[in-house]
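Here's the structure we're looking at; comments come further down.
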Amino acid sequence: MTGSIPFSIEETDNFRRSFKKLVKIHKNNFVELIAKTLEDLIDDQYPNNSRSEPLPGKIQLPEGWTFHKLEIRVSKGASGQVRLMYLVNASSYTIKLVWIYSHEQFAKRPADADLKSVVREILDLK
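Numbering (this note's numbering), first residue to last: 236 to 361.
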């Protein structure tokens, strides 16, 4: 997307905690891969390996926000499948990193109650 306004990426507390857990498992190459992935997200917020993700329960995102899950292949097998959940606001050019986890940690995604709580906290929703 040449010529477009670059997005800013904001790490959340939950993202930092979940990232630290994965770094212990995957080591240094993992950090470089995620850094490259985040650089790419600045230019393309909706890459081919991402999809719009439904929110749990009756949570409603504020105007302009969308929720996505990006698939990242770290290594072969189930343990090499990592997912990055993030929020995008196209009008403020903001990406908020919500959660990063492996297929081993959560086969599909984190529990709805946990995810709902984290998204509400990030966006300061009641």
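Don't be surprised by glycine CBs; every beta carbon is placed ideally from N, CA and C.
Quiz item: Buried or exposed: where does Arg318 fall if 16 or more other Cβ atoms within 10 Å of its Cβ makes it buried?
Solution: buried
Quiz item: Apart from the five residues just before and just after Gln280, which ones in its own chain have a Cβ nearer than 8 Å to its Cβ?
Solution: Phe242, His303, Val323, Ala325, Ile330
Self-check item: Own chain, CB closer than 6 Å to Arg301, minus 5 neighbours either side, in chain order
Solution: One point to set straight first is that residue 301 is Thr, not Arg, in the sequence displayed. Counting only Cβ-Cβ distances below 6 Å, and skipping sequence neighbours, we find Val323.
Self-check item: Arg318 - partner residues in DSSP beta bridges
Solution: Glu306, Tyr336
Self-check item: DSSP state of Arg344 mapped onto helix, strand, coil
Solution: coil
Exercise. From the DSSP output, in three-state form, read off Glu288 for me.
Key: DSSP, read as helix, strand or coil, puts Glu288 in coil.
Quiz item: Does the distance from the C-beta atom of Ile294 to that of Val354 stay below 8 Å?
Solution: yes
Self-check item: Cα-Cα separation, Tyr321 to Ile244
Solution: 10 Å
Quiz prompt | Ile244 - containing beta strand (DSSP E), residue span | solution = 243-246
Exercise. From the DSSP output, in three-state form, read off Lys331 for me.
Key: strand
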